[in-house]
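Visitor: Pasting in a structure now, in structure tokens, and then I'll have a few things to ask.
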Amino acid sequence: MKISPLRSVRVTRYVTPLREGGSLPAIVEADDGFLYVQKFRGAGQGPKALIAELIGGELARFLGLRIPEIVFSDLDPALSRLEPDEEIQDLLRASGGLNLGVHYLSGSSTFDPVVNDVDALTASRVVWLDCLITNVDRTARNTNLLIWNRELWLIDHGASLYFHHSWENWEEQSVRPFAQVKDHVLLPYASRLEEVDAEYRALLTPEVFRELADLVPDEWLDDPASQRDVYAKFLTSRLAHSSVFVNAALYARNALV
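Position one of the sequence shown corresponds to residue 59 (this note's numbering), numbered consecutively onward.
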């Protein structure tokens, strides 16, 4: 089983901003006629958020979780001339070139743990993934989960892999437990973590992580060969020490239930 390459599209129209977060994602239309949630390289944390979105999202897809299609999206900064909002103009000008788009799930609703059900296996798979990629942004306050066609879909992995904001001590960070799992919105339902750990350890390999790192475009990296190597090695090391984050998640779950 291989990691699939991404399609590429060209942004033709800026539709509307999504002001839920500080990075100002937006709904855009592309030349294939579809709408996408655009993640801009010129926003807040720059290309690193796009890299985390790409690696985290495509890893989730490889593991069989539901992820809207992710595409490379080319943006002409000249589109900024059509926008009256100065903040949006600045963002579009700063984001010329290659960005990332996530297929817009029209009619979806935000997952609400009070209203929506999730089975134990799915919850355990999502919690395990987020522990692996150190995704701090799947809390009750901001679930980054959608219900679409009565199914659970994962979105927005841009806060994952936070070691790359400093690149320091990545080896040490790769073997640490994921302390933020205690706030994970699906942790109370994740009663099959040990089963999922065995399932995913059998499925994932260093070659899979290398293929994921190879998806990252050169222009998003300062030192492409070296940094891709670190991404692959970080995930490989984290997988090899998965018992550390699984045990931490089990401990945190026991404290809740």
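In this text, a Cβ means the ideal position worked out from N, Cα and C, and glycines have one as well.
Suppose you measure from the CA of Asn227 to the CA of Phe292; what does that come to, to the nearest Å?
Guide: Each residue's Cα considered, the two are about 11 Å apart.
Visitor: Are the Cβ atoms of Ile110 and Leu219 separated by less than 7 Å?
Guide: Going by the sequence as given, residue 110 is Ala instead of Ile. Yes, these two residues count as a Cβ contact at 7 Å.
Visitor: Tell me which same chain residues have a C-beta within less than 8 Å of the C-beta of Ser166, skipping the five on either side of it?
Guide: Only Leu204, Ile205, Trp206 and Trp211 meet the Cβ criterion.
Visitor: Residues in the same chain with beta-carbon distance under 7 Å from Arg119, minus the five sequence neighbours each way, listed in chain order, please.
Guide: The answer, listed in chain order, is Ile125.
Visitor: Quick check on the DSSP output: the beta strand (DSSP E) that includes Ser295 runs from which residue to which?
Guide: Note, Ser295: premise wrong, no beta strand (DSSP E); alpha helix (DSSP H) at Pro282 to Ala298.
Visitor: Is the beta carbon of Ala306 sitting closer than 7 Å to the one on Tyr247?
Guide: Result no, Cβ atoms of Ala306 and Tyr247 do not sit closer than 7 Å.
Visitor: My understanding is that Leu242 touches Arg196, with C-beta atoms under 8 Å, so please give their C-beta distance in whole angstroms.
Guide: Note on residue identity: the sequence assigns His, not Leu, to residue 242. Right, the Cβ-Cβ distance comes to about 6 Å (below 8 Å), so this counts as a contact.
Visitor: Pull up the CB-CB distance for Glu269 and Lys60, whole angstroms please, since I reckon it's below 8 Å.
Guide: Right, the Cβ-Cβ distance comes to about 7 Å (below 8 Å), so this counts as a contact.
Visitor: Between Glu253 and Val304, which are expected to be in contact by the criterion C-beta below 8 Å, what is the C-beta distance as a whole number of angstroms?
Guide: Contact flag wrong, Cβ pair sits at about 10 Å.
Visitor: Would you identify the three-state DSSP class for Arg311, choosing helix, strand or coil?
Guide: Three-state result, Arg311: helix.
Visitor: Less than 8 Å between C-beta atoms, sequence neighbours within five positions excluded: which residues of the same chain meet that for Asp132?
Guide: Counting only Cβ-Cβ distances below 8 Å, and skipping sequence neighbours, we find Ser66, Val67, Arg68, Val69, Gly155, Leu156 and Asn157.
Visitor: So, with DSSP's three-state summary, where would you put Leu210?
Guide: Here Leu210 sits in strand by DSSP.
Visitor: State the DSSP-derived secondary structure class of Glu269, mapped to helix, strand or coil.
Guide: It is helical.
Visitor: Per DSSP, which residues does Asp132 bridge with? Please list them.
Guide: According to DSSP, Asp132 bridges with Arg68 and Leu156.
Visitor: Determine whether the beta carbon atoms of Gly122 and His215 lie at a separation below 7 Å.
Guide: Against a cut-off of 7 Å, the Cβ pair of His215 and Gly122 comes out as no contact.
Visitor: Here's the rule I'm using: 16 or more other beta-carbon atoms within 10 Å means buried, otherwise exposed. How should Val173 be labelled?
Guide: So Val173 counts as exposed.
Visitor: Where does Val73 sit, in a helix, a strand or coil, going by DSSP?
Guide: If DSSP states are grouped into helix, strand and coil, Val73 belongs with the strands.
Visitor: By Cβ distance, which residues of its chain are closer than 6 Å to Leu262, with the 5 residues on each side in sequence left out?
Guide: Cβ neighbours of Leu262 beyond the five flanking positions: Leu297.
Visitor: With respect to the alpha helix (DSSP H) encompassing Ala260, which residues constitute its N-terminal and C-terminal limits?
Guide: Counting along the chain, the alpha helix (DSSP H) containing Ala260 begins and ends at Leu251 to Leu261.
Visitor: So what's Gln231 in DSSP terms, helix, strand or just coil?
Guide: Reduced to three states, the DSSP call for Gln231 is helix.
Visitor: Whose C-beta lies closer than 6 Å to the C-beta of Leu187 among residues of the same chain, with five residues either side of it excluded?
Guide: Excluding positions up to five away in sequence, the list reads Ala118.
Visitor: Hey, could you find the ends of the alpha helix (DSSP H) Glu277 is sitting in?
Guide: That residue, Glu277, is in no alpha helix (DSSP H); it is neither H nor E in DSSP.
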